[in-house]
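In terms of the working numbering, the sequence shown opens at residue 14 and continues consecutively.
Backbone N, C-alpha and C define an ideal beta-carbon position, used for all residues, glycine too.
One structure below.
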Amino acid sequence: MRTTQPRRLVSETPAPVQLPAAIITSTARVTTTKSTHRPPCADGPDDWDLDVGTPESWRSAIRTCHSCPLFANCDQLAQTLIARGDAPRAMIWAGVAYDSAGRVVENLDRHRATPIDHKRPLRIIHNGPRPVCTEPAPPTPHRRIVLGRRRVVATTGGH
């Protein structure tokens with residue numbers, strides 16, 4: 014099956030769209046930031062995970078965080094999340110180590126990663142209204158259990 018695209022003349026050029034200066038400068042700034050400043054944590058994310066690694070690798074990650082050109086943005090985002098109640102868990106973010114409960118880890122040598130089988134249970138948050146049951150569940154059928162009787166199978170023909 015072949016689909017056809019509408020044909021356009023070569024001489025057709027789209028009309029220029031004028032954008033406000035604020036959008037142009039903010040877009041240019043975001044594009045420049047993304048292309049020229051890739052955060053070091055994007056290259057090796059396991060170094061920033063407190064469930065993996067050693068205290069020395071975590072200290073190295075903290076030093077790397079403090080020398081990152083995006084440190085101020087990262088710190089501001091972390092503070093916003095903490096104020097909202099979504100503290101980072103079991104990770105190093107903006108040069109600060111957080112345990113699995115979201116508390117700041119002061120001494121990395123004393124921090125012990127939680128074993129995988131003892132992690133916190135999943136917490137489900139419902140954002141919408143609960144479904145309302147419109148009709149009751151059907152009643153359970155009555156069953157009779159007869160003990161001591163053998164089931165007789167009817168035979169047809171002969172073998």
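So, helix, strand or coil for residue i, using DSSP?
i      : result
Ile138 : coil
Ile95  : helix
Ala55  : helix
Ala74  : helix
Thr46  : At Thr46, the pLDDT of 43 sits below 50, so the modelled position is not reliable and the matter cannot be decided from this model.
Leu83  : coil
Pro152 : coil
Asp122 : coil
Pro68  : helix
Leu160 : coil
Thr26  : Low per-residue confidence applies at Thr26: pLDDT is 44, beneath 50, and the placement is therefore not dependable, though the value from the model is reported in the following sentence. Looking at Thr26 - three-state DSSP - the assignment turns out to be coil, as it is neither helix nor strand.
Where DSSP assigns a beta bridge to residue i, which residues make up the other side?
i      : result
Asp62  : Met104
Ala110 : Ile105
Asn117 : The residue you asked about is not Asn; residue 117 is Val in the sequence shown. Answer by DSSP bridge pairing, in chain order: Tyr111.
My assumption, with CB atoms under 8 Å, is that residue i sits in contact with residue j. Please give the rounded CB distance.
i      : j      : result
Gly115 : Arg136 : Actually they do not touch by this definition, with Cβ atoms about 12 Å apart.
Gly108 : His79  : 5 Å
Pro68  : Asp122 : 5 Å
Ile95  : Trp71  : Contact flag wrong, Cβ pair sits at about 19 Å.
His124 : Val117 : Not confirmed; about 11 Å, so no contact.
Exposed or buried, residue i, counting other C-beta atoms within 10 Å across all chains shown (16 or more means buried)?
i      : result
Ala85  : exposed
Cys54  : buried
Ala110 : buried
Ala74  : buried
Thr77  : buried
Leu63  : buried
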